[in-house]
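J.: Residue numbering for the sequence shown follows our numbering, beginning at 13 and increasing consecutively.
Pasting a structure below so you can have a look.
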Amino acid sequence: MSTIDFRVTSAQLGASTRIISLGGEVDLHTAPQLKDALDAAIAEGAHRVIVDFEGVSFIDSTVVGTLLSAHRRLRADRGDLIIVCADRRILRTFEVTGLSRKFRVAPSLADLLAGNGR
């Protein structure tokens, strides 16, 4: 999969929630686009940012750093970064780095919005 296959979209949900949906491989080459989407969401006043990994096939450590930076910025303003992911390969990265304890993780966007995410 190439950088061309990567996609990031953003949608507003309510007054202060932004959903950032990803697809393809998120790595050193595509993480700057994720960072831009996170920065824009925070700059536009989002206090709750949901990052949906539904269509993601791979992440690397660059993504972990990008998410952690956004998480810190949101927490400083009493905000929250939430991960949506059911793929065991992707979740394993969060578990190994200890971020599964730091981030709220939901198996699907539908579960999260229905109040079933942890």
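Cβ coordinates follow ideal geometry from the N, Cα and C atoms, glycine included.
Bear in mind the structure is a predicted one, so any value in this text is a computation, not a measurement.
1) Grab the span of the beta strand (DSSP E) containing residue 90 for me, first residue to last.
2) On a CA-only basis, which of 34, 55 and 96 is nearest residue 45? Give me that one, please.
3) What residue range does the alpha helix (DSSP H) around residue 106 cover?
4) Classify residue 21 as buried or exposed, calling it buried when 16 or more other Cβ atoms lie within 10 Å of its own Cβ.
5) Please report whether the beta-carbon of residue 81 lies at a distance below 7 Å from any beta-carbon of chain D.
6) What would DSSP say about residue 19, mapped onto helix, strand or coil?
T.: Reading from the atomic positions:
1) Careful: residue 90 lies outside any beta strand (DSSP E) and carries neither H nor E.
2) Comparing alpha-carbon positions, the option among 34, 55 and 96 lying closest to residue 45 turns out to be 34.
3) Per DSSP, residue 106 belongs to the alpha helix (DSSP H) from 100-109.
4) If you draw a 10 Å sphere on the C-beta of residue 21, you find fewer than 16 other C-beta atoms in it, and that means exposed.
5) The displayed structure is made up of one protein chain only, and chain D is not part of it.
6) Annotated three-state conformation of residue 19 is strand, per DSSP.
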